[in-house]
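Line by line, the protein sequences give chains A and B.
Take the first sequence: its letters are residues 1 to 236, numbered as in our numbering.
Take the second sequence: its letters are residues 1 to 360, numbered as in our numbering.
Glycine included, every Cβ here is placed at the ideal spot set by N, Cα and C.
Notes follow the structure.
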Amino acid sequence: MLVIALCKGRFLEPSLDLLMQAGIRFPEDLASSRKLIFNSDDQRFRAVLVKPADVPTYVEYGAADAGIAGRDVVLESGADVLQPLDLKFGYCKIAVAGINGQAEEKPRVSEVEQNCDPHPARLQMTRPLPEGERDSKPTIRVATKYPHITMDYYNARGIPVEIIPLSGSIELAPLIGLADRIVDLVETGRTLKDNGLEIVEVITDSSARLLINRAGYQTKRDEVLRLIQALEKVIR
Amino acid sequence: MSAASYAQIPPGTQIVIGRAARRRRVLERTICSVFEGWSYEEIIPPIFDYYDVFVKGMGTGPEEQIYRFIDREGNILALRPEFTSLVAKTVATRLASSPKPIRLYYSGEVLRFEKPKGGRQREFAQIGIEHYGASGKTADVEILLIAVETFQRLGIQAFQINLGSVDFFGGIVDRMELPADRIAELKDVLNVKDRSGLEALLERLPLGDRRKKILRAVPHLTGGKAVIAEARELVRNPRSVEALDHLEEIYSIFQRLDLAQHLTIDLGEIRGFDYYSGILFRAYVRDLGFEVASGGRYDGLSGAFGEDLPAVGFSFSVDRLEQIVTPEIAEVEAASIDVDDGFDEALQLRRSGKAVRLCL
Chain A
1 MLVIALCKGR FLEPSLDLLM QAGIRFPEDL ASSRKLIFNS DDQRFRAVLV KPADVPTYVE
61 YGAADAGIAG RDVVLESGAD VLQPLDLKFG YCKIAVAGIN GQAEEKPRVS EVEQNCDPHP
121 ARLQMTRPLP EGERDSKPTI RVATKYPHIT MDYYNARGIP VEIIPLSGSI ELAPLIGLAD
181 RIVDLVETGR TLKDNGLEIV EVITDSSARL LINRAGYQTK RDEVLRLIQA LEKVIR
Chain B
1 MSAASYAQIP PGTQIVIGRA ARRRRVLERT ICSVFEGWSY EEIIPPIFDY YDVFVKGMGT
61 GPEEQIYRFI DREGNILALR PEFTSLVAKT VATRLASSPK PIRLYYSGEV LRFEKPKGGR
121 QREFAQIGIE HYGASGKTAD VEILLIAVET FQRLGIQAFQ INLGSVDFFG GIVDRMELPA
181 DRIAELKDVL NVKDRSGLEA LLERLPLGDR RKKILRAVPH LTGGKAVIAE ARELVRNPRS
241 VEALDHLEEI YSIFQRLDLA QHLTIDLGEI RGFDYYSGIL FRAYVRDLGF EVASGGRYDG
301 LSGAFGEDLP AVGFSFSVDR LEQIVTPEIA EVEAASIDVD DGFDEALQLR RSGKAVRLCL
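As structure tokens, this is what we get:
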């Protein structure tokens with residue numbers, strides 16, 4: 001039996017849909033129940049429901065053989081796991097944002113995106129800093145849910161930053177003077193816009209990924225490969 | 001440090017006491033006896049050496065994991081983060097004129113400044129072998145067989161040794177003439193078998209369709225002997241082809257010895273210290289999320305210390321083995337002795353080899 005770690009929250013429904021299309025059916029009450037462990041109808045899989053940020057950890061330790069989580073979460077965790085499939089839902093960007101117009105001579109977002117590699121293999125990109133960031137304060141204060149990604153991004157550019165870890169409502173931080181910038185998930189850009197913020201630079205794209213434990217990939221190879229192939233067939 | 005915090009131990013260290021310590025010693029002893037059975041002799045290297053020794057051995061990257069300190073003369077020293085560099089240095093210097101091959105084993109703690117993970121702390125126990133002075137498949141097979149016997153002697157049946165070669169992938173990228181940072185990116189995506197990441201990268205690389213096809217196949221070249229045949233269809237460069245010949249020979253020997261069920265050919269495995277130069281392997285046990293052993297060939301390593309000798313070896317992680325095997329420990333009956341009568345009885349029992357426990 002393979003154990004699959006699934007995120008509670010917005011990823012749960014699309015994850016279950018995809019698994020169902022791949023012929024892996026879990027009980028209907030999974031999303032509404034308070035239970036955390038569910039077996040598939042054919043007893044070949046077991047789903048465990050965990051917080052999104054914990055999925056890579058469960059998979060890295062082999063407590064789950066596989067998992068579904070956003071690329072953002074995987075990057076932030078630094079977990080050493082295999083990521084064979086882009087499941088093509090949960091699209092969003094991890095971006096640096098600031099208050100409208102505060103980044104002088106800031107290139108337009110579209111230009112930034114054109115220059116931006118949508119799938120950097122590593123975050124230590126050596127692209128120059130956007131124009132407006134060059135003359136900023138000696139130390140930039142950045143509020144984020146992604147302290148590691150943020151640190152890697154600014155370290156690669158040699159910009160000293162003070163990271164202010166927050167766990168929600170990140171957009172608030174620059175508005176009330178807690179931070180100069182935020183690094184956060186951007187789905188439609190609506191929340192940023194409503195709060196008078198704009199993207200300074202897109203750090204990377206994110207979408208849902210299938211994660212596989214390294215040891216399990218070897219010791220349970222047939223089962224794992226069957227899962228990968230079944231999902232691959234139904235990815236849009 | 002205030003007295004109140006003495007209870008705290010530095011993160012990543014651990015204290016092993018009593019039955020757990022005895023179990024560990026039994027485990028180590030069992031493994032060492034396998035090594036000794038294959039004519040390996042123990043080497044006890046120092047716990048610290050010059051920092052340069054380890055940097056030379058491990059290459060760039062892992063060096064930030066090394067605990068460094070400066071002695072009174074200003075030399076930069078380091079606590080050993082692994083044994084292989086230390087053994088290489090010893091073989092290339094003190095043992096340079098010894099008859100070859102040289103077979104050595106070691107057992108002890110190493111220290112790395114990394115996130116404690118998978119039952120491995122910053123200080124953890126490694127136990128392994130080094131085989132110097134023989135290139136070719138015989139020495140490779142020898143160490144693989146020793147790894148197999150180690151698992152068997154520990155009573156572990158469900159283990160897998162994943163065997164690859166740095167020359168297979170090396171031969172492929174040699175031809176591509178890519179800048180080092182591109183190769184690093186390529187390794188990053190292949191390393192996690194990230195298909196979409198690979199596609200995005202391939203779009204930006206100036207490579208022909210045939211080469212792209214090879215790179216797309218690499219992460220999935222895992223399995224039995226059929227994988228070697230599949231790989232042969234893809235590559236023509238001599239370095240990769242030789243690597244395949246070599247792996248096939250090893251696999252055939254394992255088949256003949258009826259051990260092939262424990263061996264998986266894995267050409268998509270490209271991780272490891274810079275010093276690896278030929279075969280490369282990792283061993284996994286069912287239901288443990290982390291590898292328990294890893295090793296390979298590192299022919300250039302002793303040359304960095306002045307004496308070029310082919311070398312192959314591996315190490316087991318004792319801390320991870322402890323999560324899956326619980327060695328039997330013998331309970332020793334100790335006679336309780338009342339000291340009010342003097343120490344004579346206790347001494348007598350001790351002289352006859354009996355255990356005693358003094359009642360106070």
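Chain A within 8 Å of residue i, Cβ atoms only
| i | result |
| --- | --- |
| F168(B) | no |
| Q157(B) | no |
| Y251(B) | no |
| G164(B) | no |
| Q65(B) | no |
| R286(B) | yes |
| F281(B) | no |
| E322(B) | no |
| Q14(B) | no |
| Q152(B) | no |
Buried versus exposed call for residue i [16 or more other C-beta atoms within 10 Å across all chains shown]
| i | result |
| --- | --- |
| N39(A) | exposed |
| E36(B) | exposed |
| K89(B) | buried |
| P128(A) | Residue placement at P128(A) is poorly supported in this model, since its pLDDT is 49, which falls under 50; the coordinates still yield a value, given next. It counts as exposed. |
| F83(B) | buried |
| N213(A) | buried |
| P310(B) | buried |
| I17(B) | exposed |
| P56(A) | buried |
| S252(B) | exposed |
| A180(B) | exposed |
| I66(B) | buried |
| F69(B) | exposed |
| A173(A) | buried |
| P122(B) | Note that residue 122(B) is Arg in the sequence shown, not Pro. Per the 10 Å Cβ criterion, buried. |
| C359(B) | exposed |
| K145(A) | buried |
| F343(B) | exposed |
Residue j beta carbon less than 8 Å from that of residue i
| i | j | result |
| --- | --- | --- |
| P52(A) | C92(A) | no |
| A92(B) | G306(B) | yes |
| D319(B) | R112(B) | no |
| I43(B) | L104(B) | yes |
| V234(A) | L12(A) | no |
| I159(A) | A143(A) | no |
| L197(A) | G98(A) | yes |
| G128(B) | F316(B) | yes |
| A79(A) | F290(B) | no |
| D167(B) | A243(B) | yes |
| A5(A) | V50(A) | yes |
| K416(B) | H246(B) | An answer regarding residue 416(B) cannot be provided, because it is not within the stretch 1 to 360 covered by chain B. |
| I279(B) | D140(B) | yes |
| Y217(A) | G118(B) | no |
| I228(B) | E248(B) | yes |
| V96(A) | V200(A) | yes |
Proximity test, Cβ basis, 8 Å: residue i and chain B
| i | result |
| --- | --- |
| E76(A) | no |
| N100(A) | no |
| P84(A) | yes |
| A47(A) | no |
| Q229(A) | no |
| T219(A) | yes |
| G67(A) | no |
| V3(A) | no |
| P107(A) | With a pLDDT of 40 at P107(A), under the threshold of 50, the predicted position of this residue should be treated as unreliable, though the coordinate-derived value follows. Not closer than 8 Å to any Cβ of chain B, the Cβ of P107(A) fails to qualify, so no. |
| E223(A) | no |
| G158(A) | no |
Taking contact to mean 3 or more Cβ pairs, one atom from each stretch, closer than 8 Å, check whether the stretch 209 to 223 of chain B and the stretch 289 to 304 of chain B are in contact. Taking one beta carbon from each stretch, the stretch 209 to 223 of chain B and the stretch 289 to 304 of chain B have fewer than 3 pairs nearer than 8 Å; the two do not touch.
Stretch pair the stretch 158 to 172 of chain B + the stretch 273 to 288 of chain B: three plus CB contacts closer than 8 Å: Segments in contact, yes.
Using a Cβ-Cβ cutoff of 7 Å, what residues of the stretch 20 to 44 of chain B are near chain A? List them in chain order. Listed in chain order, the positions of the stretch 20 to 44 of chain B with a beta carbon within less than 7 Å of a beta carbon of chain A would be empty, since no residue qualifies.
State whether the stretch 215 to 232 of chain B contacts the stretch 191 to 201 of chain B, with contact taken as three or more CB pairs (one from each stretch) at a distance under 8 Å. Contact holds: three or more Cβ-Cβ distances are below 8 Å.
Given a limit of 7 Å on CB to CB distance, which residues of the stretch 98 to 123 of chain B reach chain A? Within the stretch 98 to 123 of chain B, contact with chain A at the beta-carbon level (separation under 7 Å) is assigned to G118.
Is the stretch 201 to 215 of chain A in contact with the stretch 56 to 76 of chain A, if contact means three or more CB pairs nearer than 8 Å? With the cut-off at 8 Å, the stretch 201 to 215 of chain A and the stretch 56 to 76 of chain A touch.
Hey, is the stretch 179 to 193 of chain A in contact with the stretch 180 to 190 of chain B, meaning 3+ C-beta pairs nearer than 8 Å? Because the criterion of three Cβ pairs below 8 Å is not met, the stretch 179 to 193 of chain A and the stretch 180 to 190 of chain B do not touch.
Counting pairs of beta carbons, one from the stretch 322 to 335 of chain B and one from the stretch 349 to 360 of chain B, are three or more of them closer than 8 Å? Verdict: yes, contact present.
Check each residue of the stretch 193 to 214 of chain B: if its Cβ is closer than 7 Å to any Cβ of chain A, include it; give the result in chain order. Legend: CB atoms of the stretch 193 to 214 of chain B lying less than 7 Å from CB atoms of chain A belong to residues K193, D194, R195, S196, G197, A200, L201.
Decide if the stretch 44 to 57 of chain B is in contact with the stretch 12 to 28 of chain B; the criterion is three or more beta carbon pairs, one per stretch, under 8 Å apart. With a cut-off of 8 Å on Cβ pairs, the stretch 44 to 57 of chain B is not in contact with the stretch 12 to 28 of chain B, counting fewer than three such pairs.
Residues, ordered as in the chain, of the stretch 23 to 49 of chain A that lie near chain B by beta-carbon distance below 9 Å: When CB distances to chain B are screened at a threshold of 9 Å, not a single residue of the stretch 23 to 49 of chain A falls below it.
Give the residues from the stretch 240 to 270 of chain B that approach chain A closer than 7 Å (Cβ to any Cβ), ordered along the chain. When C-beta distances to chain A are compared with 7 Å, the residues of the stretch 240 to 270 of chain B below that value are T264, in chain order.
By the 8 Å beta-carbon criterion, what residues does the stretch 289 to 307 of chain B contribute toward chain A? Correct list: G289, F290, E291.
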